[in-house]
Amino acid sequence: MERNATDSSPDDEDRGVDPVLARMEQKVTDPVLRGIVRDFVAGGISAGDALDDARAYMDVHRVATADPDEVSRRVSFADGALGAEGLAVTDPDARDLARRVADGTMTGDEAVLFLAALVDSGALLSQDADRDPGYTVDSTPMLNELYAAVDAGTVSRAEASLRSREAFRVDRAFRRASGPEAFDAQLELVEPTLTALLLQIARGELSGEQALEAGLSHIATLA
């Protein structure tokens, strides 16, 4: 769908849109992005088309203001904040919105508006809903075992919280020290030795400092 920055927008009156979504829309000043979300909410375009239209528009009219290393650092901090709650955003479109905020081509309010529209439409599924290949939020893999132990009563919640914080502190350090070969296309840390060390923290087999020392030594051998 072809758009330009001079497209007009309807008045912000009651159009049958969720009031929370309407308030979020008021924080977004770009008429093109507002129009894309309105088309999606009205059923005129699919979620995929809405995101594709937004990407195409931003790729032409927005300029990234952060260097790639800074983008990776910002995304890793966001992952760490979610990880402290045992969550990881795995949907590639949701992660793309986060990366665009990190690189400066999209504001936080704009990204939240798109995510809110997806949630409101049911495109973003809750943890309790039946899973499909679309928009999902999964538990962080390295913490699945830890929280299963909490449920079983073999690890206290306080101990699990401590291990979780340590694991994500070390994860952030590994991310800052690692080269691009340690990550997959979604910027997930996949280097096997490093992920194994993080799992050992979650299991209580290593302290954060022990895992950090071993991991940084391993990263040095890869340079």
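If you want my numbering, it's the position in the sequence shown, counting the first as 1, plus 88. We put the CB at the ideal spot given by N, CA and C, even for glycine.
Go to residue i, then tell me how far its alpha helix (DSSP H) extends in each direction, as first and last residue.
{"i": "E297", "result": "G296 to L310"}
{"i": "D259", "result": "R245 to A265"}
{"i": "P119", "result": "P119 to V129"}
{"i": "A138", "result": "A135 to H149"}
Evaluate residue i with the Cβ neighbour count: other Cβ atoms within 10 Å of its Cβ, from every protein chain shown; 16 or more gives buried, anything less gives exposed.
{"i": "G131", "result": "exposed"}
{"i": "E297", "result": "exposed"}
{"i": "E254", "result": "buried"}
{"i": "R245", "result": "exposed"}
{"i": "R183", "result": "buried"}
{"i": "R263", "result": "buried"}
{"i": "D157", "result": "exposed"}
{"i": "A142", "result": "buried"}
{"i": "S252", "result": "buried"}
{"i": "V125", "result": "buried"}
{"i": "E113", "result": "buried"}
{"i": "S305", "result": "exposed"}
{"i": "V148", "result": "exposed"}
Report all residues from its chain with a CB closer than 7 Å to the CB of residue i; omit the five preceding and five following residues, and keep chain order.
{"i": "D239", "result": "none"}
{"i": "V163", "result": "A186, R187, A190 and L275"}
{"i": "M146", "result": "R188, T193 and M194"}
{"i": "V116", "result": "R122, D197, E198 and L201"}
{"i": "F128", "result": "A135, A138 and A205"}
Against chain B, with Cβ distances strictly below 8 Å, would residue i count as a contact?
{"i": "E247", "result": "Any reference to chain B falls outside this structure, which holds one protein chain only."}
State the DSSP-derived secondary structure class of residue i, mapped to helix, strand or coil.
{"i": "T224", "result": "Unreliable placement is indicated for T224, whose pLDDT of 40 sits below 50; the coordinate value is still reported in the next sentence. Correct three-state label for T224: coil."}
{"i": "L234", "result": "helix"}
{"i": "L275", "result": "coil"}
{"i": "S160", "result": "helix"}
{"i": "E293", "result": "coil"}
{"i": "T283", "result": "helix"}
{"i": "T242", "result": "coil"}
{"i": "G192", "result": "coil"}
{"i": "A154", "result": "coil"}
So which of the options has the shortest CA-CA distance to residue i?
{"i": "A265", "options": "S249, D272 and L310", "result": "L310"}
{"i": "V151", "options": "P268, T195 and I124", "result": "T195"}
{"i": "P268", "options": "V258, R183 and I307", "result": "I307"}
{"i": "I249", "options": "F262, L285, R291 and E279", "result": "Per the sequence shown, the amino acid found at residue 249 is Ser instead of Ile. Checking every option, the nearest Cα to that of S249 belongs to R291."}
{"i": "N321", "options": "F128, L286 and D140", "result": "Only positions 89 to 311 of the chain appear in this structure, which leaves residue 321 out of reach."}
{"i": "F256", "options": "T283, H149 and I133", "result": "T283"}
{"i": "R260", "options": "G241, R161, I133 and A144", "result": "R161"}
Whose C-beta lies closer than 8 Å to the C-beta of residue i among residues of the same chain, with five residues either side of it excluded?
{"i": "V258", "result": "L285, L286, I289, G296, A299, L300 and G303"}
{"i": "V278", "result": "A270, F271 and D272"}
{"i": "A217", "result": "Here the model assigns A217 a pLDDT of 42, short of 50, so the residue's position is not dependable, and the following value carries that caveat. For A217, where only same-chain residues beyond five positions count, there are no Cβ hits under 8 Å."}
Below 6 Å CB to CB, which residues in the same chain sit around residue i once its five sequence neighbours on both sides are set aside?
{"i": "A154", "result": "D191 and G192"}
{"i": "D181", "result": "L139"}
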